[in-house]
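For the sequence shown, UniProt numbering assigns the number 1 to the initial residue and increments by one for each residue that follows. Encoded as structure tokens, the structure appears first; notes follow it.
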Amino acid sequence: MTRTSRPDLEDRHHDMAFRNLTSQIGTNYIPSEEELDHIKNSLLPAPTEKLASLEIEINRVHKLYSSLLEQRQALLDEIEGYRSLISPARRLPVDVLQEVFLHTLPTRHNALMDPQECPLLLTRICRGWRSIALSIPQLWASIHIPVPPIAKCDPPRWDLTNYLDLPKEFRVFTFSSLKVYATTISNWLGRSGASPLSITLYNPRSSSTPKEHYEIIINSFLQFANRWKNLILDTYSLYLGPIAQLTASDVPILESLTMHDTAHISNNDPLMWSRSELVKSPSLKRIDYTPVTDRFADFPLNWGQLTDLKLSNTPSEWGHPNLIATLSDIILVLSRSPRLISFHAQSRILRDSDVGIPSSISSLPLPNLQKLVYHDVGNNCRPLFELLNVPSLLHLEFIPLDGSRQTVLPIFLPRVAGTLLTLTTSHALFEPNHFPILSQCQKLTSIIIKRPVSISLGPCSPLPPHCLNDIFLENLTLPTDRSDRLAPALEVLECKVGGNFSDAALLKFIKAKQLRRDIAKLKRISIVFSTPGPDENDILLDDEVARYVADGLTVDLRYPVGLIINPKRPFAFRPDAGVPRPSNKQPVDRAIYYMDAI
Numbered sequence: 001m002t003r004t005s006r007p008d009l010e011d012r013h014h015d016m017a018f019r020n021l022t023s024q025i026g027t028n029y030i031p032s033e034e035e036l037d038h039i040k041n042s043l044l045p046a047p048t049e050k051l052a053s054l055e056i057e058i059n060r061v062h063k064l065y066s067s068l069l070e071q072r073q074a075l076l077d078e079i080e081g082y083r084s085l086i087s088p089a090r091r092l093p094v095d096v097l098q099e100v101f102l103h104t105l106p107t108r109h110n111a112l113m114d115p116q117e118c119p120l121l122l123t124r125i126c127r128g129w130r131s132i133a134l135s136i137p138q139l140w141a142s143i144h145i146p147v148p149p150i151a152k153c154d155p156p157r158w159d160l161t162n163y164l165d166l167p168k169e170f171r172v173f174t175f176s177s178l179k180v181y182a183t184t185i186s187n188w189l190g191r192s193g194a195s196p197l198s199i200t201l202y203n204p205r206s207s208s209t210p211k212e213h214y215e216i217i218i219n220s221f222l223q224f225a226n227r228w229k230n231l232i233l234d235t236y237s238l239y240l241g242p243i244a245q246l247t248a249s250d251v252p253i254l255e256s257l258t259m260h261d262t263a264h265i266s267n268n269d270p271l272m273w274s275r276s277e278l279v280k281s282p283s284l285k286r287i288d289y290t291p292v293t294d295r296f297a298d299f300p301l302n303w304g305q306l307t308d309l310k311l312s313n314t315p316s317e318w319g320h321p322n323l324i325a326t327l328s329d330i331i332l333v334l335s336r337s338p339r340l341i342s343f344h345a346q347s348r349i350l351r352d353s354d355v356g357i358p359s360s361i362s363s364l365p366l367p368n369l370q371k372l373v374y375h376d377v378g379n380n381c382r383p384l385f386e387l388l389n390v391p392s393l394l395h396l397e398f399i400p401l402d403g404s405r406q407t408v409l410p411i412f413l414p415r416v417a418g419t420l421l422t423l424t425t426s427h428a429l430f431e432p433n434h435f436p437i438l439s440q441c442q443k444l445t446s447i448i449i450k451r452p453v454s455i456s457l458g459p460c461s462p463l464p465p466h467c468l469n470d471i472f473l474e475n476l477t478l479p480t481d482r483s484d485r486l487a488p489a490l491e492v493l494e495c496k497v498g499g500n501f502s503d504a505a506l507l508k509f510i511k512a513k514q515l516r517r518d519i520a521k522l523k524r525i526s527i528v529f530s531t532p533g534p535d536e537n538d539i540l541l542d543d544e545v546a547r548y549v550a551d552g553l554t555v556d557l558r559y560p561v562g563l564i565i566n567p568k569r570p571f572a573f574r575p576d577a578g579v580p581r582p583s584n585k586q587p588v589d590r591a592i593y594y595m596d597a598i
């Protein structure tokens, strides 16, 4: 039997001790001097050498990979070049390309002076497309002109009174830049040939652009006034005088005009559109005037040719003493405009005791009126609706004042029920006692329920519990033998106020609308609920509803956020709460902790 000597045993124990160093990695263990020497001279050399060789191999493979990528990209570029030569777009006739280019223009606003938007984008693709784009007059016949702010802050740090106090060098540079901007506008419109023009001039209401700057910009498109067709002056500036001074002969084809009254901004020298010859244009058919004052009835318009008229005040203007129209003004305007197709009124109305209805007007026949929008921010508009005779009305929006008990729609709807296709109003009309009136509107394809008009800063009055509940949905799906069923042709239902519908009733309603043949299928349903919903939207998880959505149905259901209660975590804790943030620091998103996690 071979005996192991004591030195061998000591060496074995020594090696085992060193081998245990691996288990100490990641701990707070402090090696001895002997262990340090062993790590440096015995453990590290081999893996360090291996790492170095791997780094060399990685660099070699990386260079090979980069070379292959370059070769691949070169081949892709070559292939793409040949493919572009055989592209069908390259062989399109010029007249086809011109038609395609015209369809790239925006439809909801005038064209922007943005290199990333058409038509400027079309001039940046290739030389051929640029040449074609610049040769199409209609492509440059619309333009949106923002008045550039002076300062790089909003709102500007200075106003009109101290603009001249700015450094001369800055003012010279500003004028130089504006002249370049004005030249760009003139060149743009110069490409439009003899095409009728659509122009928007926009400036924020809080802007303090000096008069000299306005003159430079206005002069850039004033020279094309004889071709203005649609002019939107979306600015409350007092420096639109050069436009207001135009005569009717200067704008012979002007059909549509949007403008803002400035009397409530300056009592000294307001811009009086009512005295402007501009509104006498022989072609003017559409007017959008904000805010409404009692002077509008005095405008020297060719009233008999108006087809579209919008008179409105924004909520922030409803309290201004100079911005209150009278019911007689509106009645007088309508009596002068028998060809109206669309009429929109949204303004404060004085009480009946403050104004009398003209005795000479016993009826308001508007045979062509198809769209009527009326936001009642007054006390009683019933006399107006009693006078209206609108046999062609298709679209009606009537939003009453919050808390109003007016009975306008119950007396007006039966007179237009045979033609009405869309109805937008507040929840008040959808109480069960009004169902017999609603049932007369059998052609309705759209019902939109909005909040009532409010002129106070407080919240709107709460909805009554018996309004906009399951009974309303049930009445929308009554069988054909029920004469009191509501809107069998309904395709769009939007409830923008707190609906009291249950999920079960809503699900039943959707399925009935999509399955039954005696009522129209839904195209869109949007509900804002009054109470918090389930954690998961059970309606959208339903297999049948999912199939309807895939087939084109739009379902938009919104629930208010309810109180989330967790008895184990009653407090949310933010460590930086109340700590001022340095002015030169950007806000940082910080986590919200629960106190049991601290």
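Yeah, the Cβ is synthetic: ideal placement off N, Cα and C, and Gly gets one too. Only a predicted model underlies this, so the values are computations on that prediction, with no experimental measurement involved.
Handout entry: Helix, strand or coil at P93 [DSSP, three-state]
Key = Mapped onto the sequence shown, residue 93 falls at position 93. In this structure, P93 counts as coil in the three-state DSSP scheme.
Handout entry: Q73 versus I86 - alpha carbon distance
Key = Your numbering for residue 73 matches position 73 in the sequence shown. Your numbering for residue 86 matches position 86 in the sequence shown. Each residue's Cα considered, the two are about 20 Å apart.
Handout entry: Beta bridge counterpart(s) of M113 as assigned by DSSP
Key = In the sequence shown, residue 113 corresponds to position 113, counting from 1. Answer is none; M113 lacks a bridge partner.
Practice task
Confirm, please, whether the CB-CB distance from C467 to E431 is below 9 Å.
Solution key: In the sequence shown, the residue the question calls residue 431 occupies position 431. In the sequence shown, the residue the question calls residue 467 occupies position 467. At the C-beta level, E431 and C467 come within 9 Å of one another.
Exercise for the section: Using three-state DSSP, classify V492 as helix, strand or coil. Expected result: As a working note, residue 492 is residue 492 in the sequence shown. Reduced to three states, the DSSP call for V492 is strand.
Exercise for the section: Return the Cβ separation of I253 and I185 in integer angstroms, given the expectation that the two are a contact with Cβ distance under 8 Å. Expected result: Position 253 of the sequence shown, counting from 1, holds the residue named residue 253. Position 185 of the sequence shown, counting from 1, holds the residue named residue 185. The Cβ separation is near 20 Å, so there is no contact.
Exercise for the section: Starting from the C-beta of I448, find all residues in its chain whose C-beta is less than 6 Å away, skip the five residues before and the five after it, and write them out in chain order. Expected result: Along the sequence shown, one-based indexing puts residue 448 at 448. Cβ within range, chain order: T424, E494.
Practice task
Tell me where the alpha helix (DSSP H) around R382 begins and ends.
Solution key: Locating residue 382 in the sequence shown gives position 382, counting from the first residue. Note, R382: alpha helix (DSSP H), 382 to 387.
Problem - N475 - containing beta strand (DSSP E), residue span - result: Numbered from its first residue, the sequence shown carries residue 475 at position 475. Not the beta strand (DSSP E): N475 falls in the alpha helix (DSSP H), residues 470 to 475.
Problem - Opening and closing residue of the alpha helix (DSSP H) in which P532 lies - result: Translated into the one-based positions of the sequence shown, residue 532 becomes position 532. From DSSP, P532 is part of no alpha helix (DSSP H); its letter is neither H nor E.
Handout entry: beta strand (DSSP E) segment containing D288, residue limits
Key = Position 288 of the sequence shown holds residue 288. First-last of the beta strand (DSSP E) with D288: 286 to 290.
Handout entry: Contiguous alpha helix (DSSP H) assignments of at least 4 residues, all confined to the region 397 to 447
Key = 408 to 416, 435 to 438
Handout entry: Spatial distance of A550 from S283 (CA atoms)
Key = Indexing the sequence shown from 1 puts residue 550 at position 550. Indexing the sequence shown from 1 puts residue 283 at position 283. Rounded to whole angstroms, A550 to S283 spans 47 Å at the Cα level.
Exercise for the section: Report yes if the C-beta distance between L420 and L394 is below 9 Å; otherwise report no. Expected result: Within the sequence shown, residue 420 is the residue found at index 420, counting from 1. Within the sequence shown, residue 394 is the residue found at index 394, counting from 1. Yes. Within cutoff.
Exercise for the section: Could you name the residues that DSSP lists as bridge partners for K310? Expected result: Position 310 of the sequence shown, counted from the start, is the residue given in the question as residue 310. Its beta-bridge partners are D288, H344.
Handout entry: Terminal residues of the alpha helix (DSSP H) in which residue 599 lies
Key = Limits of the chain in this structure are 1 at one end and 598 at the other, which puts residue 599 out of reach.
Exercise for the section: Taking 8 Å as the threshold, find out whether the region 131 to 148 comes into contact with the region 181 to 195 through three or more Cβ pairs. Expected result: The region 131 to 148, when compared against the region 181 to 195, does touch it at the 8 Å Cβ threshold.
Problem - Exposed unless 16 or more other CB atoms sit within 10 angstroms - verdict on residue 603 - result: The requested residue 603 is not part of the displayed model; the chain covers only 1 to 598.
Problem - Touching by the beta-carbon criterion (3+ pairs, under 8 Å), the region 504 to 515 and the region 538 to 552 - result: With a cut-off of 8 Å on Cβ pairs, the region 504 to 515 is in contact with the region 538 to 552, counting three or more such pairs.
Problem - Option nearest L486 by Cα separation, candidates E277, L384, I471, G498 - result: Here residue 486 corresponds to residue number 486 of the sequence shown, with the count starting at 1. Checked all of E277, L384, I471, G498; the closest Cα to L486 is I471.
Practice task
Just tell me which of I125, I232, S439, Q346 has its CA closest to the CA of P400.
Solution key: In the sequence shown, the residue the question calls residue 400 occupies position 400. Per the Cα distances, Q346.
Practice task
Would you mind working out which of F398, L444, L201 sits nearest L476, comparing C-alpha positions?
Solution key: Locating residue 476 in the sequence shown gives position 476, where the first residue counts as 1. It is L444 whose Cα lies nearest to the Cα of L476.
Handout entry: Inter-residue Cα distance where the pair is S198 and L64
Key = For the purposes of this step, residue 198 is taken as residue 198 along the sequence shown, with counting starting at 1. For the purposes of this step, residue 64 is taken as residue 64 along the sequence shown, with counting starting at 1. Each residue's Cα considered, the two are about 58 Å apart.
Practice task
Kindly indicate which residue of S446, D484, G499, L68 has the alpha-carbon position closest to the one of K521.
Solution key: Translated into positions along the sequence shown, residue 521 becomes position 521. Of the listed residues, the one whose Cα sits closest to K521 is S446.
Problem - Three-state secondary structure assigned by DSSP to N500 - result: Here the question's residue 500 lines up with position 500 in the sequence shown. In the structure shown, N500 sits in coil (DSSP, three-state: anything other than H, G, I, E or B).
Exercise for the section: Go ahead and label Y29 buried or exposed: buried means 16 or more other beta carbons lie within 10 angstroms of its beta carbon, across all protein chains shown. Expected result: Counted from its first residue, the sequence shown places residue 29 at position 29. By the 10 Å Cβ count, Y29 comes out exposed.
Problem - Top-ranked residue by Cα proximity to T174, from Y214, A194, N203 - result: Taking the first residue of the sequence shown as position 1, residue 174 is located at position 174. Comparing Cα-Cα distances from T174 to each of Y214, A194, N203, the minimum goes to Y214.
Handout entry: Spatially closest choice to N219 from I232, K229, K179, by CA coordinates
Key = Position 219 of the sequence shown, counting from 1, holds the residue named residue 219. Residue K179 is the option with its Cα nearest to N219.
Practice task
Less than 8 Å between the CB atoms is what I'm expecting for P410 and D484, so what's the real figure, rounded?
Solution key: One-based indexing of the sequence shown puts residue 410 at position 410. One-based indexing of the sequence shown puts residue 484 at position 484. A Cβ-Cβ distance of about 15 Å is found for the pair P410 and D484, leaving them out of contact under the 8 Å criterion.
Problem - Beta-carbon proximity check, S195 vs R227, cutoff 9 Å - result: Working through the sequence shown from its first residue, we reach residue 195 at position 195. Working through the sequence shown from its first residue, we reach residue 227 at position 227. Going by C-beta atoms, S195 is nearer than 9 Å to R227.
Exercise for the section: Rank L309, I330, I58 by C-alpha distance to the C-alpha of L340 and give the top, closest one. Expected result: By 1-based counting over the sequence shown, the position of residue 340 is 340. That would be L309, whose Cα lies nearest to the Cα of L340.
Handout entry: Enclosing beta strand (DSSP E) for K450 [first to last residue]
Key = On the sequence shown, position 450 is the one that residue 450 refers to. Counting along the chain, K450 falls outside any beta strand (DSSP E), and DSSP gives it neither H nor E.
Handout entry: Among L429, V390, G418, the one whose alpha carbon lies nearest that of F398
Key = On the sequence shown, residue 398 is found 398 positions in, with the first residue counted as 1. Answer by Cα proximity: L429.
Practice task
Using only alpha-carbon positions, find the residue among F224, S249, L231, E212 that is nearest to L238.
Solution key: Taking the first residue of the sequence shown as 1, we reach residue 238 at position 238. Measuring from the Cα of L238, the nearest candidate turns out to be E212.
Exercise for the section: Going by CA-CA distance only, name the one from S42, L240, T307, W303 that's closest to K371. Expected result: Along the sequence shown, read from residue 1 onward, the residue named residue 371 stands at position 371. Checked all of S42, L240, T307, W303; the closest Cα to K371 is T307.
Handout entry: Neighbour-count burial assignment, V147, 16 or more Cβ in a 10 Å radius
Key = Position 147 of the sequence shown, counted from the start, is the residue given in the question as residue 147. Looking at its Cβ environment, which holds 16 or more other Cβ atoms inside 10 Å, V147 is buried.
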